[in-house]
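Peer 1: Here you go, one structure.
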Amino acid sequence: MKILIVGSGGREHALAWKISQSPRVEKIYCAPGNAGIASLAECVPIRAMEFDALAEFAISHQIDLTVIGMDDPLVGGIVDVFEEKGLRVFGPNAAAAVLEGSKAFSKDLMKKYGIPTAQYETFDDPQEAVRYLEETAKFPIVLKADGLALGKGVLICQTLEEAKDGVRTIMQDKKFGDAGSRMVIEEFMTGREVSVLSFTDGRTILPMTSAQDHKRAGDGDTGLNTGGMGTFSPSPFYTEEIAAFCQEKIFQPTVDAMANEGRPFKGIIFFGLMLTPDGPKVLEYNARFGDPEAQVVLVRMENDIVDVFEACIDTRLDEIDLKFRKEAAVCVVLASDGYPLSYEKGLEIRGLEWFSDQTDSFVFHAGTAFRDGKIVTSGGRVLGVTALGKDLHAARENAYKACDRIDFDNKYYRHDIGKAIDEAE
Ligand code: AMP
Ligand code: GLY
């Protein structure tokens with residue numbers, strides 16, 4: 004088979020790696036890809052939002068299956084464009100991807116179908132939002148831009164003043180662009196966060212193994228929110244009992260609700276969950292693999308992922324038995340110092356060769372490029388160094404040892420990825 008992957012980050016590198024393990028795959032293309040993906044796939048200089056150019060490429064290169072990694076093209080309807088042209092593509096169409104594309108939609112869906120989530124109100128008018136904050140809200144409170152905002156459109160406000168500033172930032176200054184034309188204000192929940200990615204064909208849903216992200220930039224969960232600074236899998240807090248509850252009350256009801264709304268969802272649903280004192284609740288849905296959750300989940304997955312993609316497309320996911328390795332995995336993101344604000348790019352990365360003959364340590368590229376025959380930094384999140392180990396402690400030790408192999412001038416990373424596992428014991 005010839006496969007095309009759409010995207011350019013660490014998630015897409017992990018996808019390319021996993022797809023390359025399939026004996027059914029003869030050639031992988033990635034648009035636009037990055038310097039690491041280039042070792043597994045032929046990178047094609049077409050951007051993820053150029054749907055017609057991507058579809059033309061898929062036709063002219065006889066691509067058998069296209070896999071969409073990123074949220075923007077999914078929400079923008081890339082799957083609809085491919086399907087209209089009779090191309091096989093893995094991911095939800097626009098009608099289904101709205102599950103991630105609009106927080107107001109997803110909150111209303113959960114309310115309508117009784118899926119546990121935080122209490123909320125939706126606002127189109129900033130004055131009404133402020134009135135609600137003054138008259139009804141309890142603090143802390145959470146403000147969310149309705150649309151896609153690179154995972155950054157969420158503000159947790161401790162006081163009324165902060166929350167009023169937040170309304171201004173989202174709805175009037177439009178810091179997150181059009182994503183902020185509408186806003187959700189919701190109850191602040193406490194508890195441990197877990198990410199559960201799942202495959203669904205619109206009818207059956209198969210959860211993958213759990214993972215936990217670290218969203219803040221600094222050690223001890225300090226500093227600004229980022230796309231994710233590191234992950235571990237599995238989460239020791241996500242017990243079998245909790246998993247059974249989630250399957251019955253959250254996962255299957257979500258798939259059934261989408262089908263009932265005439266928006267059958269085929270692809271990945273990523274459940275961002277909070278394990279609250281009142282039980283698991285949904286923080287958010289995403290319509291694609293997490294980044295860097297994919298980097299720890301895919302290295303543990305035993306199935307041929309191409310079989311699973313096809314089973315989702317053909318609505319026969321009930322035939323698949325998903326299996327994950329017993330070993331745990333930890334991914335530490337090596338970032339450019341200054342991320343998520345401003346940082347220098349174009350710095351040479353040394354030490355990547357070491358990974359080429361490792362079987363349990365991986366380096367997934369996120370923001371890298373070629374320059375004068377060398378691999379240089381080209382983004383805030385640069386690499387996701389991932390390692391397996393017999394348990395989470397071993398995986399963590401292996402991942403940090405592997406991080407030491409890599410060197411670039413403004414290398415920055417968190418030192419406490421996976422530290423939470425100590426509290427589980
Ligand atoms: P989201 O993009 O919706 O996942 O939100 C980003 C982060 O904000 C989450 O990972 C949580 O850490 C935090 N967050 C979002 N919603 C809430 C909430 N209702 N209560 C507490 N924290 C939240
Ligand atoms: N790591 C969180 C996300 O991919 O949205």
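Using my numbering, the first residue of the sequence shown is number 4, and each one after it goes up by one.
C-beta: ideal position from N, C-alpha, C; glycine also.
Nothing here was measured: the structure is a model prediction, and the numbers come from that model.
#1: Are the Cβ atoms of T203 and F248 separated by less than 7 Å?
#2: What's the call for R429, buried or exposed, on a 16-neighbour Cβ count within 10 Å?
#3: Using 7 Å as the threshold, is the C-beta distance between G421 and L391 below it?
#4: Output needed for D259: all residues of its chain with C-beta closer than 8 Å, excluding positions within five of it in sequence on either side, in chain order.
#5: Identify whether Q255 lies in helix, strand or coil by the three-state DSSP scheme.
#6: Assign W357 to buried or exposed, taking buried as 16 or more other Cβ atoms, counted over all protein chains shown, within 10 Å of its Cβ.
#7: When the Cα of L276 is compared with those of F126, S198 and K326, which residue comes out closest?
#8: Which word fits A58, buried or exposed, when buried means at least 16 other C-beta atoms lie within 10 angstroms of its C-beta?
#9: Measuring only from the beta carbon, is A121 closer than 6 Å to any heavy atom that is part of ligand 1?
#10: Give every residue of the same chain whose Cβ lies closer than 6 Å to the Cβ of S213, excluding the five residues on either side of it in the sequence, and list them in chain order.
#11: So, with DSSP's three-state summary, where would you put K377?
#12: Indicate the three-state DSSP secondary structure (helix, strand or coil) for I173 in the structure shown.
#13: Could you tell me if the beta carbon of F191 falls within a distance shorter than 6 Å of some heavy atom in ligand 1?
#14: Considering only their Cβ atoms, is the gap separating S25 from V366 smaller than 7 Å?
#15: Give the DSSP-derived three-state secondary structure of R303 in the structure shown.
#16: Pull up the distance between the alpha-carbon of G233 and that of C334, whole angstroms please.
#17: What first and last residue would you give for the alpha helix (DSSP H) that runs through V28?
#18: For the beta strand (DSSP E) containing A148, name the first residue and the last one.
#19: Would you be able to state if there are at least three C-beta pairs under 8 Å between the stretch 175-182 and the stretch 135-144?
#20: Are there three or more Cβ pairs, one per stretch, closer than 8 Å when the stretch 47-67 is compared with the stretch 222-230?
#21: Consider the C-beta atom of V47 and the heavy atoms of ligand 1; say whether any pair is separated by less than 6 Å.
#22: Going by other Cβ atoms of all chains shown within 10 Å of its Cβ, with 16 needed for buried, is Q215 buried or exposed?
#23: The beta strand (DSSP E) that contains G392, what's its start and end?
#24: Alpha carbon to alpha carbon, what distance is there between N96 and G89?
#25: Going residue by residue through the stretch 219-303, where are the continuous alpha helix (DSSP H) segments of at least 4 residues, counting only ones entirely within it?
#26: Do you know whose CA, among S42, K5 and V28, lies nearest H16's CA?
#27: At a cut-off of 6 Å, is G156 close to ligand 2 when judged by its beta-carbon and the heavy atoms of the ligand?
#28: Look at the alpha carbon of S201 and the alpha carbon of E264, and state the distance between them as a whole number of angstroms.
#29: Measure the alpha-carbon distance for C46 versus I71 and round it to whole angstroms.
#30: Mapping the DSSP letters down to three states, classify K414 as helix, strand or coil.
Peer 2: Looking at the coordinates:
#1: As a position in the sequence shown, residue 203 is number 200, starting the count at 1. As a position in the sequence shown, residue 248 is number 245, starting the count at 1. No, the pair does not count as a contact, with Cβ atoms beyond the cut-off.
#2: Absent from the model: residue 429. The displayed extent of the chain is 4 to 428, so no value can be given.
#3: Taking the sequence shown and counting its residues from 1, the one referred to as residue 421 is at position 418. Taking the sequence shown and counting its residues from 1, the one referred to as residue 391 is at position 388. No, the Cβ-Cβ distance between G421 and L391 is not below 7 Å.
#4: For the purposes of this step, residue 259 is taken as the residue at position 256 of the sequence shown. For D259, the CB contacts under 8 Å within the same chain, skipping 5 residues up- and downstream, are Y116 in chain order.
#5: Indexing the sequence shown from 1 puts residue 255 at position 252. Helix.
#6: Counting from one through the sequence shown, the residue named residue 357 turns up at place 354. It is exposed - the Cβ of W357 has fewer than 16 other Cβ atoms within 10 Å.
#7: Within the sequence shown, the letter at position 273 stands for residue 276. The residue from F126, S198 and K326 with its alpha-carbon nearest to that of L276 is S198.
#8: In the sequence shown, the residue the question calls residue 58 occupies position 55. Flag for A58 reads buried.
#9: As a first step, residue 121 must be located in the sequence shown, where it is residue number 118. Checking the Cβ of A121 against ligand 1 gives yes.
#10: Residue numbering aside, residue 213 sits at position 210 when the sequence shown is read from its first letter. Around S213: V197, V199, P237, S238 and Y241.
#11: For the purposes of this step, residue 377 is taken as the residue at position 374 of the sequence shown. DSSP places K377 within a strand segment (E or B) once states are collapsed to three.
#12: Your numbering for residue 173 matches position 170 in the sequence shown. When DSSP states are grouped into helix, strand and coil, I173 belongs to the helix group.
#13: In the sequence shown, the residue the question calls residue 191 occupies position 188. At least one heavy atom of ligand 1 sits closer than 6 Å to the Cβ of F191.
#14: If you number the sequence shown from 1, residue 366 lands on position 363. If you number the sequence shown from 1, residue 25 lands on position 22. Not in contact: V366 and S25 (Cβ atoms no closer than 7 Å).
#15: On the sequence shown, residue 303 is found 300 positions in, with the first residue counted as 1. DSSP places R303 in the helix class (H, G or I) of the three-state scheme.
#16: The count along the sequence shown starts at 1 and reaches residue 233 at position 230. The count along the sequence shown starts at 1 and reaches residue 334 at position 331. Per the coordinates, the alpha-carbon of G233 lies some 5 Å from the alpha-carbon of C334.
#17: The count along the sequence shown starts at 1 and reaches residue 28 at position 25. V28: not part of any alpha helix (DSSP H); DSSP gives it neither H nor E.
#18: What you label residue 148 is simply residue 145 of the sequence shown in a count that begins at 1. First-last of the beta strand (DSSP E) with A148: I144 to A148.
#19: Contact check between the stretch 135-144 and the stretch 175-182: fewer than three CB pairs, one atom from each, fall below 8 Å, which does not count as touching.
#20: With the cut-off at 8 Å, the stretch 47-67 and the stretch 222-230 do not touch.
#21: Numbered from 1 along the sequence shown, position 44 holds the residue referred to as residue 47. Within the chosen limit of 6 Å, ligand 1 does not reach the beta carbon of V47 with any heavy atom.
#22: On the sequence shown, position 212 is the one that residue 215 refers to. Around the beta carbon of Q215, 16 or more other beta carbons lie within 10 angstroms, which makes this residue buried.
#23: Against the sequence shown, residue 392 aligns to sequence position 389. Here the beta strand (DSSP E) through G392 covers R384 to G392.
#24: Working through the sequence shown from its first residue, we reach residue 89 at position 86. Working through the sequence shown from its first residue, we reach residue 96 at position 93. Counting only the Cα atoms, N96 lies some 14 Å from G89.
#25: List check, alpha helix (DSSP H) in window: 243-249, 255-263 and 296-300.
#26: In the sequence shown, counting from the first residue as 1, residue 16 sits at position 13. Sorting S42, K5 and V28 by C-alpha distance to the C-alpha of H16 places S42 at the top.
#27: On the sequence shown, residue 156 is found 153 positions in, with the first residue counted as 1. Look at G156: its beta carbon is at least 6 Å from all of the heavy atoms in ligand 2.
#28: In the sequence shown, residue 201 corresponds to position 198, counting from 1. In the sequence shown, residue 264 corresponds to position 261, counting from 1. When rounded, the distance between both Cα atoms is 20 Å.
#29: Within the sequence shown, residue 46 is the residue found at index 43, counting from 1. Within the sequence shown, residue 71 is the residue found at index 68, counting from 1. Distance from the CA of C46 to the CA of I71, rounded to the nearest whole angstrom, comes to 15 Å.
#30: Counting from 1 along the sequence shown, the entry for residue 414 is found at position 411. Three-state DSSP puts K414 in a strand.
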